[in-house]
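Visitor: Heads up: the sequence shown at position 78 corresponds to 86 in the working numbering, and the numbers run straight through without jumps.
Beta carbons are placed, not taken as given, at the ideal position from N, Cα and C, and that holds for glycine.
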Amino acid sequence: MEDFDIIKLVSDTLDPLNSLVIEGWYDDELSKTHITVHEYLDQEDGFEDDEASEIIHNIQVDIWSTDSLESYNLKKNAKKLLKNNGFSYSDGQDSYEKETKIYHKAMRFTYVEYI
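Written out as structure tokens, the structure reads:
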């Protein structure tokens with residue numbers, strides 16, 4: 009049985025966006041638009057006979073761009089792709105970082121892995 013990899017699942021799901029997807033946080037070495045993904049919490053759930061039948065993955069997807077329209081469209085399309093592939097949208101926040109002149113679009117999702 010193959011091990012489940014939530015980061016790979018997110019990256020594969022976002023592949024149609026044709027944007028670089030990396031695990032971790034914003035890479036200041038990259039001046040082009042990119043997407044970062046990290047899992048900030050996982051927890052067991054769906055207990056049957058004291059054994060978990062699910063793992064709830066909580067992930068954050070961040071879009072980084074110097075172009076406001078590009079970041080808006082990426083956020084809209086990423087959100088749609090993830091929701092259409094079994095992810096539940098939790099919340100999000102948009103900001104503009106004055107020091108780096110980067111538009112930052114953050115989104116949080118949950119995904120249930122059945123074990």
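Once you ignore the five residues that flank S79 on each side, which residues in its own chain have a CB closer than 6 Å to its CB?
Guide: If we look at S79 and ignore the five residues flanking it on each side, its Cβ neighbours are I71, S73, Y111, K113.
Visitor: Using a Cβ-based criterion (distance less than 8 Å to any ligand heavy atom), does V120 qualify as near the ligand MN?
Guide: In the structure on display, the ligand MN does not appear, and there are no ligands present to speak of.
Visitor: By the three-class DSSP mapping on this structure, what secondary structure does Y119 have?
Guide: Correct three-state label for Y119: strand.
Visitor: Please name the residue, chosen from V45, K106, I63, L49, that lies closest to S27 on a Cα-to-Cα basis.
Guide: Residue V45 is the option with its Cα nearest to S27.
Visitor: So, for F12: in the same chain, excluding its five sequence neighbours on each side, which residues have a beta-carbon less than 6 Å away from its beta-carbon?
Guide: Answer for F12: E121, listed in chain order.
Visitor: Using C-beta distances below 7 Å, list every residue in its chain close to S76, excluding the 5 sequence neighbours before and after it, in chain order.
Guide: Correct list, in chain order: Y111.
Visitor: Just list the alpha helix (DSSP H) runs in the region 46 to 117, keeping only unbroken ones of 4 residues or longer that don't cross its boundaries, in chain order.
Guide: If we require 4 residues or more, the alpha helix (DSSP H) runs fully inside the region 46 to 117 come out as 76 to 91.
Visitor: Assign M9 to one of three DSSP states: helix, strand, or coil.
Guide: Note that M9 scores a pLDDT of 45, beneath 50, so its modelled location is shaky; the value from the coordinates is reported in the next line. Coil, per DSSP.
Visitor: Please classify L28: does DSSP put it in a helix, a strand, or coil?
Guide: Three-state DSSP puts L28 in a strand.
Visitor: In this structure, how does DSSP classify T44 when only helix, strand and coil are distinguished?
Guide: Reduced to three states, the DSSP call for T44 is strand.
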